Amino acid sequence: MDVVAVTRKLVDIESITGNESGVGEALALELAGLGFRVQKMAVEDDRFNLLATSPEEAHPAVVFSTHMDTVPPFIPSSEDETRVYGRGACDAKGIIAVQVAAAEKLRRAGIRVGLLFVVGEERDSTGAKIANEQAIGARFLINGEPTENRLAVASKGTLRVELVASGRMAHSAYPELGESAIDKLIVALTRLRAMPLPATEGIGPCTFNIGLIEGGRAPNVIPDRAKAHLLYRLVGPTEELRRQIVATVGELAKVDFYLEIPFMRFRSVDGMPSMVAAYTTDIPALTNWGEPLLIGPGSIHVAHTEGEYVEKSQLTEAVELYCGITRKLVGG
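Residue 272 in the numbering used here sits at position 255 of the sequence shown, with consecutive numbering throughout.
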């Protein structure tokens, strides 16, 4: 199959998180046409995951997986001599095309693998969580994310934190009568920015981002409320990090740790170039699908940008890489 053509076809179907059904239906038709047995896993409303297996092997040892959703905004496909452009070109519709092509090539060689395409990775891994309840007994899960065709030996985790500061409203002409929640929040954030963060040898440092800040009533009102959302990229366990965050913030704000995706280490394959993924994936939500590996064409540095693209040469190379890794895993 023409992985460039299939990548463009998929990119041209808008599938921003929550609206994946169109690309799911197109993929179901494509896979059925190739002779796969296709199952739709209901997620919510009209959203569904896709599981495709060969009629000859309902429980393959290896499953390829990635996600069908993209971040906004929708950007239609285009191409030049060396690249395919558009939203999802590398994250992760080019990877879908590669995985289908590799599965088809392996099947012709007598090696059957499964395909699992899920919804919601860009937001909350809802599709992966549903899929984890319907695992088929695979020994290995090869998950696709943009790694420039290098095998990831680890991926950083995520800790999302909400700070909520409270104060007392007053007329801004008489600030002594009020208590500024924004002032408290600013002090708390300044302390957190100065707080030392852990690092892991061979992986790198934990990093920290202040992603959202909101608060206040009006310019002439002392603010009684303020809120910030923070994100830490994890390189290990979080017990001590959580303790330090709470101690550093002190009485300035309430701290809520509302989401954690753990730091993960992955299997390596001899002779393959490796990397560390500084981002999170669906893998922590797919624990019942076998030992995980992480690899895919494209660069995470252009994912989620207005100029997102994937190199055509990496698409072609990735098909062979998926086939080669699978043969090593199953001894074929």
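From the three backbone atoms N, C-alpha and C, an ideal C-beta is built for every residue, glycine too. Because the structure is a prediction, the values reported are computed rather than measured.
Bridge-paired residues (DSSP) for residue i
{"i": "residue 273", "result": "179"}
{"i": "residue 281", "result": "172"}
{"i": "residue 156", "result": "DSSP, once it has assigned bridges, lists no residue as partnering residue 156."}
{"i": "residue 61", "result": "64"}
{"i": "residue 246", "result": "179, 229"}
{"i": "residue 43", "result": "According to DSSP, which records beta bridges pairwise, residue 43 is partnered with nothing at all."}
{"i": "residue 33", "result": "87"}
{"i": "residue 69", "result": "55, 132"}
{"i": "residue 309", "result": "158"}
{"i": "residue 251", "result": "174"}
{"i": "residue 343", "result": "Beta-bridge pairing links residue 343 to no other residue."}
{"i": "residue 74", "result": "71"}
{"i": "residue 291", "result": "168"}
Three-way DSSP call (helix, strand, coil) for residue i in this model
{"i": "residue 303", "result": "coil"}
{"i": "residue 138", "result": "coil"}
{"i": "residue 149", "result": "helix"}
{"i": "residue 192", "result": "helix"}
{"i": "residue 82", "result": "strand"}
{"i": "residue 238", "result": "strand"}
{"i": "residue 266", "result": "helix"}
{"i": "residue 322", "result": "coil"}
{"i": "residue 327", "result": "strand"}
{"i": "residue 104", "result": "coil"}
{"i": "residue 38", "result": "helix"}
{"i": "residue 297", "result": "coil"}
{"i": "residue 185", "result": "strand"}
{"i": "residue 217", "result": "strand"}
{"i": "residue 224", "result": "strand"}
{"i": "residue 334", "result": "helix"}
{"i": "residue 121", "result": "helix"}
{"i": "residue 96", "result": "strand"}
{"i": "residue 165", "result": "coil"}
{"i": "residue 112", "result": "helix"}
{"i": "residue 22", "result": "helix"}
{"i": "residue 205", "result": "helix"}
{"i": "residue 28", "result": "helix"}
{"i": "residue 50", "result": "helix"}
{"i": "residue 438", "result": "Coverage of the chain is limited to positions 18 through 349, which leaves residue 438 absent and any answer about it impossible."}
{"i": "residue 211", "result": "helix"}
{"i": "residue 317", "result": "coil"}
Cβ separation of residue i and residue j, assumed to be a contact under 8 angstroms, to the nearest whole Å
{"i": "residue 109", "j": "residue 303", "result": "Incorrect: roughly 14 angstroms between the Cβ atoms, too far for contact."}
{"i": "residue 66", "j": "residue 133", "result": "7 angstroms"}
{"i": "residue 250", "j": "residue 175", "result": "7 angstroms"}
{"i": "residue 221", "j": "residue 293", "result": "6 angstroms"}
{"i": "residue 25", "j": "residue 329", "result": "Not quite, the Cβ-Cβ distance comes to about 11 angstroms (not below 8 angstroms), so this is no contact."}
{"i": "residue 296", "j": "residue 317", "result": "6 angstroms"}
{"i": "residue 290", "j": "residue 167", "result": "4 angstroms"}
{"i": "residue 114", "j": "residue 27", "result": "6 angstroms"}
{"i": "residue 40", "j": "residue 32", "result": "4 angstroms"}
{"i": "residue 43", "j": "residue 53", "result": "Contact flag wrong, Cβ pair sits at about 14 angstroms."}
{"i": "residue 23", "j": "residue 136", "result": "Contact doesn't hold; Cβ gap of about 19 angstroms is too wide."}
{"i": "residue 88", "j": "residue 321", "result": "5 angstroms"}
{"i": "residue 182", "j": "residue 243", "result": "5 angstroms"}
{"i": "residue 286", "j": "residue 345", "result": "6 angstroms"}
{"i": "residue 241", "j": "residue 205", "result": "The Cβ separation is near 16 angstroms, so there is no contact."}
{"i": "residue 121", "j": "residue 51", "result": "6 angstroms"}
{"i": "residue 155", "j": "residue 307", "result": "4 angstroms"}
Residue i Cβ short of 8 angstroms to the ligand NAD heavy atom set
{"i": "residue 111", "result": "With respect to the ligand NAD, the structure shown offers nothing to examine, as it has no ligands at all."}
Neighbour flag for residue i against chain B, beta carbons, 9 angstroms
{"i": "residue 54", "result": "Among the chains in the structure shown there is no chain B, since it carries only a single protein chain."}
I'd like to know if the region 221-228 and the region 259-270 are in contact, where contact means that at least 3 CB-CB pairs between them fall below 8 angstroms. Flag = no, the region 221-228 and the region 259-270 do not touch.
Any chance the region 88-100 sits against the region 149-164, with 3 or more Cβ pairs inside 8 angstroms? Cβ pair count under 8 angstroms is below three, so no.
So does the region 120-132 actually touch the region 72-85, counting three or more Cβ pairs closer than 8 angstroms? Under the 8 angstroms Cβ criterion, the region 120-132 counts as touching the region 72-85, having at least three qualifying pairs.
Taking three-plus beta-carbon pairs below 8 angstroms as touching, is the region 154-171 in contact with the region 308-315? When Cβ pairs closer than 8 angstroms are counted between the two stretches, the region 154-171 is seen to touch the region 308-315, the count reaching three or more.
Per the contact definition of three or more C-beta pairs closer than 8 angstroms, is the region 103-119 in contact with the region 273-286? Fewer than three pairs of CB atoms, one per stretch, sit closer than 8 angstroms, so the region 273-286 makes no contact with the region 103-119.
Would the region 265-275 and the region 188-197 be scored as touching if the rule is three or more Cβ pairs under 8 angstroms? With the cut-off at 8 angstroms, the region 265-275 and the region 188-197 do not touch.
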